[in-house]
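S.K.: What follows is a structure written as structure tokens; I'll ask about it next.
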Amino acid sequence: MRYGIALFVIYLLILTSGMARGSTIEYEITEYDINVRVPETYDSFEIEASLQIENSMPDSEHTLEIMLCRNFRGAKATNLHIYDETSKPLDFSFEDDLVSISLSDASMGSSVVVLQYDLVKDEDFHDQFSPFAFEISDTLCHVNASITRTDNWYPKIAETMAKRLAPYQLVVDVPEKFEVMASGELIDVAAVGGQKVYTWRNYQGITDRSLYFFAQEQERIVREYDDDFRVIMYVPDGTIPTNMDYLADVIHTSFRFFEEMYGEAPWNEYKVMAFPYGYSGLFNSMNAPVTLFTSEITNNEIYFPIRSVIHEVSHTWWGNIVSSNPDENYWLYEGFGKFSEIIGIKPALGVDVESLSFFRLKLCTLPYIDYVPSILESQDSEDRVLVNVAAYYMGATYLRMLRFVIGDKNFYKGILEYVRQCRGMCISTDDFLTIMQKRCNKKYHGMLSDYIKNPGYARYEIDRLGTIYNGKHYLHNYEIINIGDKDIYTPYLVQSDMESYKEYLFLKKGEKFLVRVKSGFREPADHIVVDPEELFPVCGAGLKGPGAIVYENPSREVKVYNVAADAPFARAGIVDDMTLIKLNGEELAGNDLRTLNHMMLQPGGTELQLLVRAGDGEPHEVTVVY
């Protein structure tokens, strides 16, 4: 009940604040009918969007404000005309992606507004992400709604950019050589004068958060299963039949697993299309790289690349069945996707690499821990590397910690409740926290919130207090101190010549915990190791990362990738794919991933001398200052 009241209060606040700014919250789109035509000239998408609009606040004069192509990378709307349901032209202005339509005779009830326009490439199409979002050519035509910048290629009422779609019909009219994959359920395909006309509608009882379509010269193949599930595949020439079987089986198995963990989906199909620009997780469908279809699939020790397919399947739930405003809650898409990818590997592939995968996530997070934004603010960073670290890696690590703290049973019951309550809604991080906090002890409530809203990991230090001899052995006394802005929940390992055990520790901000270690030796040693398996989001005091990942390639060269701007490596001139040869005179080749990246974690103020080489150039020394 409190949840419903909270949403009602939020709605009232949005309504009244919108009215205060003179916006048009009184309008609501209740149905879309969108027609897209791809002409044989391949110079634009010709679009007609018919909007069924409800007006609940009639006045003598009205202005309907609609956003069109807001922040759309690589595309813009031109040649705009607007009509009412009788084809009467309506007066409007169109500036800065805002369409203002005069509806002076509007009254209580429904009306229809029709927008006709062309979607064309703009002057920014050279942007590296533009072809991923939008393309029109004689081999590939698409609008990709997997990213927020493409959500607005069709009209949306201003102030409702993140709102779920109304029921829709999407008609895509393309040259007959193309197959089309699009939002929703395929209702009909008709051949008309050298064109094929595909009609799609939203699945029964639920709509998408956005609309997309992809048209390519591919073959449509359907794999059907005994449980009435089917995988619809759009495949290129040269596809290997066993690859299709493998991909379909992974999609089917992971989809059914996620239904069990997160709640049933109201359909029994999933679509996948080979796509030259890589992966996109869509509503009940995905794009996958062409090479997954045409080249032998060779997975590494943690099952890349096939695990990425599992990740994208999970986006049917994370970002679609349950959606949020990605401009404010990006981690609710990608943190959940990365977490689901990892837990889905065992049921989908029959192998257990969960602990290794979460260990890798922490290993790939620590280098950025002083520079990364909070999980909640991940989308605000201008550095894509840091966006990914915060949203994907830290988001998934947080969810694993939450599962461990409250237990598997409570965690997955909470997730099921989260999906049940928020199905078909646009929600926020606070909605998630409200539901999950009901599943755990109140003492953990602050911790659950802090790890999302405060940047970095929890920080601790270990102080040695002294040693006592009791006539039989030495007692070494230590304090584990929480020095950060998050409560700590972590295992710690006690090890000496006389004892070895692991315990779990909950330590509120500013608190200390005494640990006494028995030993036959007086000399101090590394008797305490916090988070020995390196799976929890905690980090020692004062350590800083280089702002990049370091790894050894199959040629035994130590390489750098994902260099973040304004971090120590970047400031020293180190860039992606550079080779690291020596650290303070010592050869780096031959060290494993963990050792290499731990060598790069240093106390603040430290200077490292690295011998590096860019491409085939001569080695040279650089100084890295932490």
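291 is the number of the first residue of the sequence shown in this note's numbering; add one for each residue after it.
Note that beta-carbon positions come from the ideal geometry of N, C-alpha and C, so glycine has one too.
1) As a quick exercise: from Ile356, Tyr332, Pro457, Ser334, pick the residue whose alpha carbon is nearest that of Glu316.
2) Which class does Gly627 belong to by DSSP, given the choice of helix, strand or coil?
3) Which term fits Gly761, buried or exposed, when burial requires 16 or more other beta carbons within 10 angstroms of its beta carbon?
4) Do you know offhand how far Phe803's Cα is from Pro457's?
5) Give the C-beta separation of Glu877 and Phe649 to the nearest angstrom, bearing in mind that I take them to be a contact with Cβ-Cβ under 8 Å.
6) Quick one, are the C-beta atoms of Gly894 and Lys834 less than 8 Å apart?
7) Am I right that Val853 and Val840 are in contact with their C-beta atoms under 8 Å? What's the rounded C-beta distance?
8) Would you kindly check if the distance between the Cβ of Ile742 and the Cβ of Thr719 is under 8 Å?
9) Who pairs with Phe826 in a beta bridge, going by DSSP?
10) Can you tell me the Cβ-Cβ gap for Val828 and Ile818, rounded? I've got them flagged as a contact below 8 Å.
11) Mapping DSSP to helix, strand and coil, what is Phe335?
12) With a threshold of 7 Å on Cβ separation, who are the neighbours of Lys453 within its own chain once the five nearest residues in sequence on each side are excluded?
13) Quick check on DSSP: helix, strand or coil for Glu908?
14) Just to confirm the assignment, what range does the beta strand (DSSP E) spanning Phe504 have?
15) May I ask which residues mark the beginning and end of the alpha helix (DSSP H) holding Ala860?
16) Assuming Gly364 and Ala423 are in contact, meaning their beta carbons sit under 8 Å apart, how far apart are those beta carbons, in whole angstroms?
17) So, with DSSP's three-state summary, where would you put Met726?
18) Can you give me the start and stop residues for the alpha helix (DSSP H) that Ala815 sits inside?
19) If you draw a straight line from the alpha carbon of Ile300 to that of Glu618, how long is it in whole angstroms?
20) Using DSSP's beta-bridge definition, name the partner residues of Glu842.
21) Express the C-alpha separation of Ser570 and Val525 in angstroms, rounding to a whole number.
22) Would you say Arg749 and Ala680 are within 8 Å of each other, going by their C-beta atoms?
23) Comparing C-alpha positions only, which one of Asn874, Pro909, Gly697 sits nearest to Val915?
24) Between the beta-carbon of Leu501 and the beta-carbon of Ile324, is there less than 8 Å?
25) Please classify Phe594 as buried or exposed, where buried requires at least 16 neighbouring CB atoms within 10 angstroms.
26) Within the continuous beta strand (DSSP E) that includes His766, where are the two ends?
27) For His542, is the classification buried or exposed, using 16 other Cβ atoms within 10 angstroms of its Cβ as the cut-off for buried?
28) I think Gly553 touches Leu706, with their Cβ atoms under 8 Å apart; what is that distance to the nearest whole Å?
29) Which class does Trp608 belong to by DSSP, given the choice of helix, strand or coil?
30) Going along the chain, which residues of its own chain have a beta-carbon closer than 6 Å to the beta-carbon of Ile696, five neighbours each way excluded?
31) If I follow the unbroken beta strand (DSSP E) through Ser575, where does it start and stop?
32) Residues in its own chain within less than 8 Å of Ser313 by CB, not counting five upstream and five downstream?
33) Suppose the cutoff is 8 Å on Cβ atoms and the five residues either side in sequence are ignored; what does the same chain contact list for Asp670 look like?
34) Going by CA-CA distance only, name the one from Gln418, Asp412, Phe419, Ser390 that's closest to Leu405.
35) What is the rounded straight-line gap between the Cα of Ala396 and the Cα of Asn345?
36) Give the range of the alpha helix (DSSP H) segment to which Gln711 is assigned.
M.R.: Well, looking at it:
1) Per the Cα distances, Ile356.
2) Three-state result, Gly627: helix.
3) An exposed status is given to Gly761, since fewer than 16 other beta-carbon atoms sit within 10 Å of its beta-carbon.
4) Roughly 56 Å between the two C-alpha positions.
5) Not quite, the Cβ-Cβ distance comes to about 25 Å (not below 8 Å), so this is no contact.
6) Annotated as proximal: Gly894 and Lys834, with beta-carbon spacing under 8 Å.
7) About 10 Å; that fails the 8 Å criterion.
8) Contact flag set, yes.
9) According to the DSSP secondary-structure assignment, Phe826 is paired through a beta bridge with no residue.
10) With 8 Å as the limit, Val828 and Ile818 do not qualify as a contact, their Cβ atoms being about 13 Å apart.
11) If DSSP states are grouped into helix, strand and coil, Phe335 belongs with the strands.
12) Here the set comprises Cys716.
13) Per DSSP, reduced to three states, the secondary structure at Glu908 is coil, with no helix or strand assignment.
14) That run of the beta strand (DSSP E) goes 503-506.
15) For Ala860, the enclosing alpha helix (DSSP H) covers residues 858-861.
16) Indeed they touch by this definition, with Cβ atoms about 6 Å apart.
17) The answer is helix: DSSP assigns Met726 an H, G or I state.
18) Element bounds for Ala815: n/a, residue is neither H nor E.
19) Because the pLDDT at Ile300 is just 35, under 50, the model does not fix this residue reliably, and the value given afterwards should be weighed accordingly. Taking the CA atoms as reference points, Ile300 sits about 15 Å from Glu618.
20) When DSSP reads this structure, Glu842 sits in a beta bridge with Val848.
21) If I take the Cα positions, the gap works out to 16 Å.
22) Not closer than 8 Å, so no.
23) Val915 has its Cα closest to that of Asn874, out of Asn874, Pro909, Gly697.
24) Going by C-beta atoms, Leu501 is nearer than 8 Å to Ile324.
25) It is exposed - the Cβ of Phe594 has fewer than 16 other Cβ atoms within 10 Å.
26) Element bounds for His766: 764-772.
27) Residue environment analysis places His542 among the buried positions, since at least 16 neighbouring C-beta atoms fall within 10 angstroms of its C-beta.
28) With 8 Å as the limit, Gly553 and Leu706 qualify as a contact, their Cβ atoms being about 6 Å apart.
29) Collapsing the DSSP output to three states places Trp608 in a strand.
30) Around Ile696: Arg729, Cys730.
31) Annotation for Ser575: the continuous beta strand (DSSP E) segment containing it runs 575-579.
32) Confidence is the limiting factor: at Ser313 the pLDDT is only 42, short of 50, which leaves the residue's position unreliable, though a coordinate-based value still follows. Excluding sequence neighbours, Ser313 sits near Glu355, Ala448, Glu449.
33) Only Pro663 meet the Cβ criterion.
34) If we check each option's Cα against that of Leu405, Ser390 comes out closest.
35) Low local confidence applies: a pLDDT of 48 at Ala396 is under 50, so the model's placement there is unreliable, with the coordinate-based value given in what follows. Ala396 and Asn345 have their C-alpha atoms spaced approximately 8 Å apart.
36) 698-712 is the span of the alpha helix (DSSP H), which, as asked, contains Gln711.
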